[in-house]
Structure formats: structure tokens, C-alpha cells
Amino acid sequence: MESDSSSITITKTFKKHFKRITLRPLSFFILLALIGLLLPSLLIPFWVLRIKGIEKELDSITNQSHQEIWSAIQNATSSLLPMSSSATNLAKVANASLGETDPTYFDIESKVCIIFLLL
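Per our numbering, the very first residue in the sequence shown carries number -8; after that it's consecutive.
Printed below as a string of C-alpha cells:
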């Protein structure tokens, strides 16, 4: 009978230690899962805000460069005005093309090259 009681005690002790052993890896896994989910949930909104800021800055730089190009075209046409009034019309057409998102090299060459050929 004593062997039965000692085996029951050993079984209870084993179950108690087994629970601790199984809870440690489980709690570690839960901790890793929380960190794995928490870290991206904190970083992704920061990255989105950063990307939106970069997009706004890029739009600002693009608008500024379009204004500088328009100013250069206006300066070129003002020097060509005594020669031809069509240069002013050409500058307006070139400006309308620069308002597009992605002007091609052919568009720029065909519309702006004429101004410099007239010089």
C-alpha cells in the first residue's frame, strides 16, 4: 500500500513539474507572439506617415521644378517676342504639357527645341 501512495505522490509531483515545464514554453511563445504582433502594429503607422510626408515633399519639389521650367520658358519667349509671337503660343503649349504627370522626351524635344532653334 505504501508503494501505491508513493507512486501517487510521484505522479502528483510529476504532474506539478510537468505543468511548469509546459507553461514556460507556452508563455514564451505567447510573449513572442505578442511582440511579433505589437511591433509591426506600432511601426506600420509610423512608416505610413513617413511615406506620406515623403510624397508631399516630392509633390512640392515637382511643382517647384515645373514653375522653374515655366519661368525659363517665359524668359526665352520674352526674348523671342520681337522675332515671333508664335513662340509665346509654343510656350503655352509646352506649359500645358508640363502639367502632365510624366512628359516624354519626345514631347519636350518637339515643343521646346523649336524655341531654341529660333534663337
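Glycine included, C-beta positions come from ideal geometry on N, C-alpha and C.
Since the structure is predicted, the reported quantities are computational estimates derived from the model, not experimental observations.
Check: If distances are taken between C-alpha atoms only, which option among 15, 103 and 4 comes closest to residue 60?; Outcome: 103
Check: In whole angstroms, what is the alpha-carbon distance linking residue 64 and residue 50?; Outcome: 21 Å
Check: Going straight from the alpha carbon of residue 58 to that of residue 107, what length do you get?; Outcome: 19 Å
Check: Decide if residue 53 is buried, meaning its Cβ has at least 16 other Cβ atoms within 10 Å, or exposed.; Outcome: exposed
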